[in-house]
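Some notes on the structure that comes next.
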Amino acid sequence: MIVRARYLVTRAGDVVENAELRVDAAGRITAVGRRTRYPSGGPEVIDFGDAAILPGLVNAHVHLELSGMRGRVPAGADFTQWLRALLAARANETPASLEAASDAGVREAVRAGTTTLGDISTSGCSARSLARAHVRALAFEEAIGLATDAAEAGRALLESRIGAVPSKTGLLAWGVSPHAPYSVSRELFRTAAAVAAARRLPLAVHVSETREEVEFVKTGRGPFRELLEDLGAPVDRFVPPRCTPVRYLHELGVLGPSTLLVHANYLDDDDVTLVRAAGSAVVFCPRSHRFFGHRDHPFARLRRAGVTVALGTDSLASNDSLDVLAEMRAVAALPNAPSPSEIVAMATSAGARALGLGDRAGVIEVGREADLTAIALPADTRQRDVEEAITHAAARVVATVVQGRLLFEERN
Ligand SMILES: [Zn+2]
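Numbering (this note's numbering), first residue to last: 3 to 414.
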């Protein structure tokens with residue numbers, strides 16, 4: 003197969019005009035270069051016309067099983083109010099409805115140009131949706147619980163779920179996600195980290211998402227304490243570590259080079275130093291961030307320190323679409339927006355690195371599998387403006403290719 007478009011962005015900052023790439027039957031890129039002529043009867047040619055072909059977009063944080071929650075969970079006065087409303091809505095779901103929601107979420111993500119997803123699943127159902135959809139994915143299985151027996155139960159659950167869905171394509175990889183400092187006991191954090199280390203799997207942890215979380219970890223008090231008491235969690239036995247959530251993870255041995263920190267909205271300078279020293283990555287969810295009314299995200303400070311910052315949508319319980327291009331636009335609209343090229347990197351190569359897939363996804367080059375997103379651009383777009391045009395309202399995804407297979411193509 004030969005794939006063409008007016009522009010090819012082989013990696014952030016590298017835009018080629020009138021280029022094409024060749025993909026073999028196994029889905030691997032065999033050539034990237036200037037457009038050539040083929041006699042009739044040659045390989046199949048797909049030409050996306052006035053479009054840019056990018057390395058496939060990476061959504062580094064999503065909860066696919068919550069894809070039925072769009073518009074159903076109000077932000078509330080603080081995060082714990084939202085969490086209460088989410089738990090109430092979730093109580094009505096069944097394994098079948100969560101899996102159907104997961105399937106719908108993957109379809110939406112693929113139509114929005116996503117080729118790689120970092121998904122966290124509480125129910126364990128979304129790995130099946132991911133495998134069916136032929137997308138590249140990290141399926142993070144969640145561990146949650148503050149009870150004394152949570153650690154052993156968590157280990158058993160993780161061991162039963164990890165690897166339970168076969169992946170003949172090699173597109174599905176596994177990870178472990180101890181949920182958050184307010185919902186996971188010290189023992190469960192250590193157990194989850196040990197399960198991940200023994201199998202060389204990445205970790206994903208929600209951390210420093212809210213001021214209330216920081217307060218709870220520092221003092222054991224605040225809205226999280228009230229929420230946990232109402233849920234019947236043994237919060238009396240929770241001894242607050244009396245430090246920041248990031249330092250707490252560091253002391254538990256959870257920060258490391260294959261740890262993905264989700265949100266990390268409220269960081270002090272010491273936290274940034276710890277994250278940098280550990281080599282952990284951060285995923286910023288711009289529109290979910292706005293939904294909750296958080297203060298400015300520290301992505302610029304993190305990037306200056308050399309930390310990989312990826313983009314995610316979070317779930318449809320705090321966002322209105324699973325659309326990475328919309329997240330890129332939201333970043334471009336911020337007062338401290340990075341350059342268009344840096345935004346493209348956040349949604350491609352940084353996302354791949356954050357998920358431990360830096361050697362497989364995030365750039366277009368010979369020898370790699372073809373994960374591609376084609377984005378239609380106005381016909382008068384100049385080569386030097388391509389990356390900026392991608393974040394303009396007129397740009398739209400017209401095709402999604404994973405491992406050389408066309409999963410979505412806009413039909414006129
Ligand atoms: Zn999340």
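From the three backbone atoms N, C-alpha and C, an ideal C-beta is built for every residue, glycine too.
Small disclaimer: the values here were computed from a predicted structure and weren't measured.
query, result
"Classification of Tyr40 by the beta-carbon crowding that lies within 10 angstroms, buried from 16 upward", "exposed"
"Check: Asp316 C-beta below 6 Å from any heavy atom of ligand 1", "yes"
"Contact with chain B by Ala149, beta-carbon distance below 7 Å", "This model lacks chain B altogether; it includes just one protein chain."
"C-beta contact flag for Ser125 and Glu161 at 7 Å", "no"
"Local Cβ density within 10 Å of Asn94, reported as buried at 16 or more and exposed below that", "exposed"
"First through last residue of the alpha helix (DSSP H) which encompasses Thr261", "Not the alpha helix (DSSP H): Thr261 falls in the beta strand (DSSP E), residues Thr261 to His265."
"Status (buried if at least 16 other CB within 10 Å, exposed otherwise) for Ala198", "buried"
"Sequence-distant residues of the same chain with beta carbon closer than 6 Å to Ala319, five excluded per side", "Leu68, Met71, Val75 and Leu88"
"Cβ contact (3+ pairs, closer than 8 Å) linking the segment 333-342 and the segment 125-140", "no"
"Neighbour-count burial assignment, Leu233, 16 or more Cβ in a 10 Å radius", "exposed"
"For Ala53: DSSP bridge partner residues", "Ala378"
"Top-ranked residue by Cα proximity to His181, from Trp84, Ala235 and Ile122", "Ile122"
"According to DSSP, residues forming a beta bridge with His208", "Val264"
"Whole-angstrom C-beta distance between Asp52 and Ala378, which should lie under 8 Å", "6 Å"
"Distance between beta carbons of Asn267 and Ser290, contact taken as under 8 Å", "Not quite, the Cβ-Cβ distance comes to about 10 Å (not below 8 Å), so this is no contact."
"Candidates Asn61, Val388, Thr12 and Ala14: closest to Leu324 by CA position", "Asn61"
"Buried or exposed (CB count within 10 angstroms, at least 16 for buried), Val47", "exposed"
"Cβ pair Gln334, Thr310 closer than 7 Å", "Contrary to the premise, residue 334 reads as Ala rather than Gln in this sequence. In this structure, Thr310 does not lie closer than 7 Å to Ala334 by Cβ."
"Nonlocal neighbours in the same chain, by C-beta distance under 7 Å from Phe293, ignoring five residues either side", "Ala77, Ser320 and Asn321"
"Where Ala36 falls, given that 16 or more other Cβ within 10 Å makes a residue buried", "Note that residue 36 is Arg in the sequence shown here, rather than Ala. Exposed, since its Cβ has fewer than 16 Cβ neighbours within 10 Å."
"Classification of Ala28 by the beta-carbon crowding that lies within 10 angstroms, buried from 16 upward", "exposed"
"Alpha-carbon to alpha-carbon, Pro380 and Ser317", "31 Å"
"Start-to-end residues for the alpha helix (DSSP H) that takes in Glu217", "Arg213 to Thr221"
"Asp16 - DSSP class collapsed to helix/strand/coil", "strand"
"Three-state secondary structure assigned by DSSP to Ile164", "coil"
"Buried or exposed (CB count within 10 angstroms, at least 16 for buried), Arg223", "exposed"
"Terminal residues of the beta strand (DSSP E) in which Ser123 lies", "Thr116 to Ser123"
"Beta bridge counterpart(s) of Arg138 as assigned by DSSP", "Thr118"
"Assigned secondary structure, Phe410 (DSSP; H/G/I helix, E/B strand, else coil)", "strand"
"Inter-stretch contact (C-beta, 8 Å, three-pair minimum) for the segment 381-394 and the segment 92-107", "no"
"Residue range of the beta strand (DSSP E) that includes Gly177", "Leu174 to Pro180"
"Where Leu394 falls: helix, strand or coil (DSSP)", "According to the sequence shown, residue 394 is His rather than Leu. Of the three classes helix, strand and coil, the one that applies to His394 here is coil, per DSSP."
"Short Cβ contact (7 Å threshold) for Thr12 with Arg24", "no"
"Local Cβ density within 10 Å of Ala103, reported as buried at 16 or more and exposed below that", "buried"
"Ala199: first and last residue of the uninterrupted alpha helix (DSSP H) it sits in", "Arg188 to Arg201"
"Glu253 to Arg113 span [Cα, whole Å]", "41 Å"
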